[in-house]
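Under our numbering, the first residue of the sequence shown carries the number -15, and numbering increases by one thereafter. From the three backbone atoms N, C-alpha and C, an ideal C-beta is built for every residue, glycine too. Here the structure comes first, spelled out in structure tokens, and everything after it is commentary.
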Amino acid sequence: MRLWTLRTAPERTLLERQGVLRTDGRRIPLYRRNAYAWMGEQLARRVGPPPPGCRYPLWAWVQYGGEDRPQPDLRARGHCPPGTRAVRIEAVLPRQSILLSDFQKWHAVLNRTYLAQSESDARAFEESLQRVGVTDAWPYPEPFASRVIQSWERVFELSEGDEAHWGPVRERQLQAVFWELHAEQVRRLTPFVAR
């Protein structure tokens, strides 16, 4: 499967020198570690365990702007801190080594919120919180915390759900996680300076 990952210049050098790129999580902001660890657990459960010394997955785009614009637009802001020398790596990995998810839905995991199936499902969850006087903020008491975490499984639903809310799959932003990138999987390198 063809995908694109955005890496800093030092990561590119590491890939070229060692022939493989993995992450240990040192650069993951503390406020995102729980979400990234959750995705790592999903990758281990659904694809396979990480190689030794690897705790967090690598991330890439499969559809950055939908099927018609799959690779990340390097003119966009937010890929890396402004002024960072980076590279867009186009690679091909075996489909069985990656886990796909919906980027917009992923924000529920990042923000520790309920990932509703539809607008009516979201209203029903909000109403159930209100009935018992629970505010809509993490950490939720049980049984709401378990319901929220269970709802995150929907990030992997790429062909189902409320198209009126999420849009058609061919237009969605799809991301991939995987444990490692090998130099021989790289097809193209495009250097850029982040805006």
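Residue T(-8) holds the alpha-carbon nearest to the alpha-carbon of G67 among E103, L83, T(-8). By the beta-carbon neighbour count (other beta carbons within 10 angstroms, threshold 16), T119 is exposed. Just so you know, the alpha carbons of K89 and G151 end up roughly 12 Å apart.
Secondary structure note for P175: its beta strand (DSSP E) is the uninterrupted segment 170 to 177. The beta carbon of A178 sits closer than 7 Å to the beta carbons of H63, C64, P65, P66, G67, T68, A70 from its chain, once the five residues preceding and following it are set aside; these are given in chain order.
Under the DSSP definition of a beta bridge, Y40 partners with T7. Taking each of N18, L(-1), P54 in turn and checking the Cα distance to W(-12), the smallest one comes out for P54.
When Cβ pairs closer than 8 Å are counted between the two stretches, the stretch 159 to 177 is seen not to touch the stretch 94 to 113, the count staying below three.
Taking the CA atoms as reference points, L5 sits about 43 Å from R107. When the five nearest sequence neighbours on each side are left out, the beta carbons in the same chain lying within less than 7 Å of the beta carbon of F87 are those of Q157, L158, Q159, in order along the chain. A residue is called buried when at least 16 other Cβ atoms come within 10 angstroms of its Cβ; L42 meets this threshold and is buried. Annotation: W122 is outside any alpha helix (DSSP H) and is labelled neither H nor E by DSSP. Closest in alpha carbon position to F140, among R1, H166, V153, is V153.
Nearest Cα to R10 within the set Q2, R1, E(-5): E(-5). Relative to L(-10), the option among A44, L14, C38, V132 whose CA is nearest is A44. A Cβ-Cβ separation of about 12 Å leaves E51 out of contact with R(-14) under the 8 Å criterion.
Taking every protein chain shown into account, the CB of Y48 has 16 or more other CB atoms within 10 angstroms, so this residue is buried. V76 is bridged by DSSP to R(-14).
Straight through space, the alpha carbons of L27 and A148 are spaced by roughly 29 Å.
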